[in-house]
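The block underneath contains the structure these notes are about, expressed in structure tokens.
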Amino acid sequence: MSTPSSPAALLLSRSVDEGTIPGGVIALGHDPEPIAAGRMSVGGPPMPADAIFRIQSMTKLVTTVAALRLVEQRVLALDAPVADWLPELAAPEVLTRPDAELTDTEPLRTPLTLRHLLTNTSGYGMILQDCPLARAMTATGTEAGPLPPTLGADDWIAALTSLPLVGQPGTVWRYHHSFGLLGILLSRISGTSTGAYLEQTLLGPLGMRDTGYFVPHEKLDRLPAAYAEEGTGLVEIEPAGGGFHAGPPPYDMSHSELLSTAGDYLRLLRALRDGELLSDEHLGMLRSDQVPQEAKTPESFFPGFWERTSWGFGLAVVTDGPHRGRCSWSGGAGTDYFLDPDGTLGLLLTQVPMGDRLAPLLEAYGELAPPPGADPAS
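Quick note on UniProt numbering: the sequence shown kicks off at 1 and runs consecutively.
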């Protein structure tokens with residue numbers, strides 16, 4: 001269990017003292033307790049251990065678990081078309097090459113499936129190079145970014161599917177948008193919003209009472225400020241207790257991302273690790289490389305990603321090096337988790353976005369857990 005004088009706690013306190021982050025929460029160990037340091041905002045009140053953070057892409061693990069549970073209930077199948085619930089995905093056009101003009105397309109060869117969504121190989125996703133498709137995503141409001149979506153779920157999927165796929169499903173890897181589609185799939189299957197469905201079937205039963213798509217008014221005192229990097233400093237983009245996620249959203253957020261606490265997310269990680277949520281078969285698939293080799297191209301993601309890393313279902317998997325077998329992923333607003341083969345859990349929640357400023361803290365936190373087989377006392 002982490003203690004106020006543990007290496008994890010000292011690392012977090014040092015990062016606050018050095019001005020890397022205004023505040024944060026950290027946890028490390030087999031059954032760790034969250035420890036907070038710093039403040040909710042620059043010059044603001046102290047950061048509580050139960051602060052509610054914008055976890056952004058850490059949402060992918062939550063919706064992945066929910067979808068795989070539907071597979072185990074025989075509601076979904078990994079390789080069955082999802083167009084029964086998402087008719088917008090029945091017959092999209094496909095670019096002949098990623099940088100082609102939007103009219104240079106061919107028919108869909110393979111139906112889009114749940115497996116494609118879980119592995120980011122649907123053909124929808126972030127385009128990191130300038131090209132007609134990237135510019136069209138910007139124009140339609142479907143590009144990925146640090147801010148909440150400006151479109152509700154139905155309008156978002158309509159705008160996204162008005163554009164061609166970057167490649168045939170299963171042959172290309174592009175990050176992020178598959179999981180917006182997964183959220184809408186959960187909503188369509190359940191006949192309610194994804195937030196309501198997750199609350200009924202996963203969040204509520206696990207006791208994740210502070211996890212959702214917005215922060216209720218009575219809990220806003222636990223919502224930290226959010227920051228962006230500006231030069232060598234930070235600029236506040238959402239105040240503590242305010243911003244888009246303060247109170248119910250103006251439209252359906254089934255395609256969007258959650259807020260959560262360290263305690264809540266650790267409950268999810270423990271239950272997943274301990275086999276309480278998924279069968280051994282699906283847990284093994286979630287935690288192992290599921291991406292075809294042909295899809296691991298340099299332009300598909302950030303430089304070097306595929307050298308020691310791949311993608312399972314809803315998370316990254318370390319495939320080489322001292323932490324081989326580690327499963328992890330980050331949220332763009334400055335959050336990260338990992339689950340090691342020996343059962344060690346790591347969790348770091350901050351208000352500072354992923355980037356050069358946060359990178360040294362993330363690296364140091366990731367190295368606090370000894371590699372598999374190492375002597376923890378060494």
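Positions of the beta carbon are idealized from the N, C-alpha and C atoms, including for glycine.
| Item | Value |
| --- | --- |
| Presumed contact (8 Å Cβ cut-off) between residue 314 and residue 286, rounded CB distance | 7 Å |
| Supposed close pair residue 156, residue 149 - CB separation, criterion 8 Å | 6 Å |
| Strand pairing of residue 54, partner residues [DSSP] | 259 |
| Nonlocal neighbours in the same chain, by C-beta distance under 6 Å from residue 327, ignoring five residues either side | 287, 315, 317, 339 |
| Residue range of the alpha helix (DSSP H) that includes residue 330 | Element bounds for residue 330: not the alpha helix (DSSP H) but the beta strand (DSSP E), 327 to 331. |
| CB-CB length for residue 380 against residue 25, believed under 8 Å | In the structure as shown, the chain starts at 1 and stops at 378, and residue 380 therefore has no counterpart that could be examined. |
| For residue 305, three-class secondary structure by DSSP | helix |
| Residue 158 versus residue 35 - alpha carbon distance | 42 Å |
| Spatial distance of residue 16 from residue 369 (CA atoms) | 21 Å |
| Reference residue 385; option with closest CA among 206, 282, 212 | There is simply no residue 385 to check, as the chain begins at 1 and stops at 378 in what is shown. |
| Proximal residues to residue 222 (C-beta, below 7 Å), its chain only, five neighbours per side dropped | 48, 50, 51, 52 |
| Residue 66 burial status per 10 Å Cβ neighbour count (16 or more: buried) | buried |
| Residue of 344, 227, 300, 238 minimising C-alpha distance to residue 22 | 227 |
| Cβ-based burial, residue 279 [other Cβ within 10 Å; buried from 16] | exposed |
| Neighbourhood of residue 224 by C-beta distance below 6 Å, restricted to the same chain and skipping five residues each side | 40, 51, 240, 351 |
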